[in-house]
């Protein structure tokens, strides 16, 4: 049983997306096929489109924040069935039997295959993945806004779990875009004191509505100085160089600077900066399936939602132009109109 | 009640130590006075002598690994009494009432006073400190070798506690000097698999006797490459630049690169290097009093001992010349011969 999948593909770096059909081959025994209803647009789709990370294959079908119903399952599939509404994020497949997979850290599996790395993603009518990575939406989540939780959301939720953040902690979030606006909501509902660091203070009221107790100019060295020793966690979602020294100083004793933005410019770290207050710098990417499931429940229970701008999938090139403008508030979601 | 203390002091950066007497003033209510029996020589004494950290005051009396009997106590002193054999490390005083002190992280107290920072240390007949930092030696520890545990030892023991290292973990130690040779013993007795990284392979047999399962050339890029993904903890005791990329690659998923060496040259950290395997970079300095006490018990139970080279305190300048040569195996201890 083989079939054709309709999609949008770019054929070169910085190319436009064009209608594209491909032969999907037989569904794997461990695979599910999802009929895409909605597909979020993540900044990584743009990086991949432009081959910034030197791992893009063309024709390139992006999209790794897909939500929809399962339409077919391979014979060994567990946990999910045809008709379930699920989401799929950055990760499409892991081995299921290495130490990482067996200990619940699938995210560290050396055989991890990204949804849009060497395979075709969610800017399509259908998308496939290993059943472990097709995670059911709990009741109460709006499917049209849930896609971005599967990449942007889990990327900023996972640190709260992995770093054992407490509701009594003070949390700063740097950069309030697709990831940051979810991080503010998570931190707020987690019970923390929340500070948003943004270079765009015009967002202040919105950010307070999203859960920020304080909004601080991320580039104002003087303001940062006043916050010396304050934060248990500073979560950076940006991919630009900042005054990292000031942010390290803004950490409380035992504070953590956690990077989820893909900064290519190195942060210069001197051991003295960390030693004085038992500080650390860490990073994670997305999160494992059980953590994704817990995040979805947490979102449903606390009415945490992506703030979206909506396009039809056929408007994908307009959507990407808007993404590149840097003006999205806060995440684009494409609705499948194939 | 005031008294004079005899010591050795240097009067300028890189100066020689000369006999020096100073008026100690009245003993504080919270203070104890220790008659120094033995005083370890730490590389930080040399850095302080030479004012490398821009905080040395002259005349400078170094020494922050002192062991001896308490000869006098202030009226508010708790826990210790005249006649107790105690040790004193880098930290001489903390406030006792801030959030850090009250939660057992005295080491992060903003009022922390270093034993040789703006005051006189253990290269002396007597030395004073707040009672919280005069920590009793348990039975079974050799006082002549215990001094270095109070700075070098706790510096490499504390990470095992703070980072929650498990006996099933694989631990690498970079740089096998005063700190590293204790770290090997701690890691071994902690139950871990232990790899020593050293630039001096002539030490191999000695390092295996100290607990190393493997000894690897710290500057051999090819050897490091083979260890990709192996270590849960890499503890760096060096203050020189290394191929940090290779060491980050040598971490297992969730692995930690922990810096206790005071590197002044920044380590360039790119978030991708940490993100892939949920890795972190952290640092601590020494450790809080209850952790010091636990370390001492652990040493007594497991026969962990500093490997020392012994000098009389009157030979202090010879001792420092030997320290500067880089040939100490593994820690110098001065015996008080005033």
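Chains as they are written, first to last, in my numbering: chain A, 442 to 779; chain B, 442 to 779. Virtual Cβ for every residue (Gly too), placed ideally from N, Cα, C. Note that the coordinates shown come from a computational prediction; the quantities given were computed from them, not determined experimentally.
Can you give me the start and stop residues for the beta strand (DSSP E) that residue i sits inside?
i                      : result
residue 673 of chain B : 672–677
residue 730 of chain B : Unbroken run through residue 730 of chain B is the alpha helix (DSSP H), 730–743; no beta strand (DSSP E).
residue 775 of chain A : 772–776
residue 495 of chain B : Per DSSP, residue 495 of chain B belongs to no beta strand (DSSP E) and is neither H nor E.
Please compile the residues from chain A whose C-beta is within a distance smaller than 8 Å of the C-beta of residue i.
i                      : result
residue 809 of chain B : In this structure chain B extends from 442 to 779, so residue 809 of chain B is not present and cannot be described.
residue 700 of chain B : 712, 715, 716
residue 722 of chain B : 710, 715, 721, 722, 723
Would you say residue i reaches chain B, if we count a Cβ-Cβ gap shorter than 8 Å as a contact?
i                      : result
residue 719 of chain A : yes
residue 547 of chain A : no
residue 709 of chain A : yes
List the residues of chain B whose Cβ lies closer than 9 Å to the Cβ of residue i, in chain order.
i                      : result
residue 603 of chain A : 695, 719
Kindly indicate the opening and closing residues of the alpha helix (DSSP H) around residue i.
i                      : result
residue 687 of chain A : 685–690
residue 595 of chain A : 593–603
residue 579 of chain B : First-last for residue 579 of chain B: undefined, no H or E at that position.
residue 479 of chain B : Where residue 479 of chain B is concerned, there is no enclosing alpha helix (DSSP H), although the beta strand (DSSP E) it sits in stretches over 472–482.
residue 726 of chain B : Element bounds for residue 726 of chain B: n/a, residue is neither H nor E.
residue 630 of chain A : 621–630
residue 713 of chain A : 712–716
residue 759 of chain B : 757–766
residue 543 of chain A : 540–543
residue 553 of chain B : No alpha helix (DSSP H) contains residue 553 of chain B, which DSSP labels as neither H nor E.
residue 650 of chain B : 645–650
residue 753 of chain A : Taken as a continuous stretch (DSSP letters only), residue 753 of chain A belongs to no alpha helix (DSSP H), being part of the beta strand (DSSP E) at 749–753.
residue 584 of chain B : 584–587
residue 664 of chain A : 662–667
Tell me, please, whether the CB atom of residue i is closer than 8 Å to any CB atom in chain A?
i                      : result
residue 705 of chain B : yes
residue 541 of chain B : yes
Name, please, each residue of chain B whose Cβ falls closer than 7 Å to the Cβ of residue i.
i                      : result
residue 725 of chain A : 716, 719
Compute the Euclidean distance between the alpha carbons of residue i and residue j, then round it to the nearest angstrom.
i                      : j                      : result
residue 511 of chain B : residue 569 of chain B : 9 Å
residue 618 of chain A : residue 594 of chain B : 46 Å
residue 547 of chain A : residue 726 of chain A : 11 Å
residue 523 of chain B : residue 576 of chain B : 13 Å
residue 679 of chain A : residue 713 of chain B : 13 Å
residue 642 of chain A : residue 506 of chain A : 28 Å
residue 716 of chain A : residue 630 of chain A : 31 Å
residue 597 of chain A : residue 740 of chain A : 13 Å
residue 785 of chain B : residue 657 of chain B : Beyond the ends of chain B as shown, which are 442 and 779, falls residue 785 of chain B; an answer cannot be given.
residue 691 of chain B : residue 581 of chain B : 38 Å
residue 632 of chain A : residue 612 of chain A : 10 Å
residue 445 of chain B : residue 474 of chain B : 12 Å
residue 638 of chain A : residue 491 of chain A : 28 Å
residue 784 of chain B : residue 571 of chain B : No answer is possible for residue 784 of chain B: the residues shown for chain B start at 442 and end at 779.
residue 736 of chain B : residue 634 of chain B : 19 Å
residue 787 of chain A : residue 688 of chain B : No answer is possible for residue 787 of chain A: it lies beyond the span of chain A, which begins at 442 and ends at 779.
residue 698 of chain B : residue 686 of chain B : 11 Å
residue 753 of chain A : residue 449 of chain A : 12 Å
residue 766 of chain B : residue 677 of chain B : 21 Å
residue 747 of chain A : residue 609 of chain A : 25 Å
residue 471 of chain A : residue 730 of chain A : 15 Å
residue 732 of chain A : residue 602 of chain A : 8 Å
residue 722 of chain B : residue 720 of chain A : 9 Å
residue 589 of chain A : residue 495 of chain B : 50 Å
Taking only beta-carbon positions, decide if residue i is within less than 8 Å of chain C.
i                      : result
residue 736 of chain B : Absent from the structure is chain C; the protein chains it does hold are A and B.
Just to check, is the beta-carbon of residue i closer than 7 Å to a non-hydrogen atom of the ligand GDP?
i                      : result
residue 703 of chain A : Because no ligand of any kind appears in the structure shown, any question about the ligand GDP cannot be addressed here.
Handout entry: Three or more C-beta pairs below 8 Å linking the segment 499–514 of chain A and the segment 562–575 of chain A
Key = By the C-beta criterion, the segment 499–514 of chain A is judged to be in contact with the segment 562–575 of chain A, since at least 3 inter-stretch pairs fall below 8 Å.
Exercise for the section: Flag this pair as touching only if the segment 474–482 of chain A and the segment 579–590 of chain A have three or more C-beta atom pairs under 8 Å; answer yes or no. Expected result: Three or more beta-carbon pairs separated by less than 8 Å link the segment 474–482 of chain A to the segment 579–590 of chain A, which places the two stretches in contact.
Practice task
Please confirm if the segment 548–557 of chain A is in contact with the segment 522–536 of chain A, defined as three or more CB-CB distances below 8 Å between the two stretches.
Solution key: The segment 548–557 of chain A is in contact with the segment 522–536 of chain A.
Problem - the segment 748–763 of chain B / the segment 447–461 of chain B touching (three or more Cβ pairs under 8 Å) - result: Contact between the segment 748–763 of chain B and the segment 447–461 of chain B is present: 3 or more CB-CB pairs across the two stretches fall below 8 Å.
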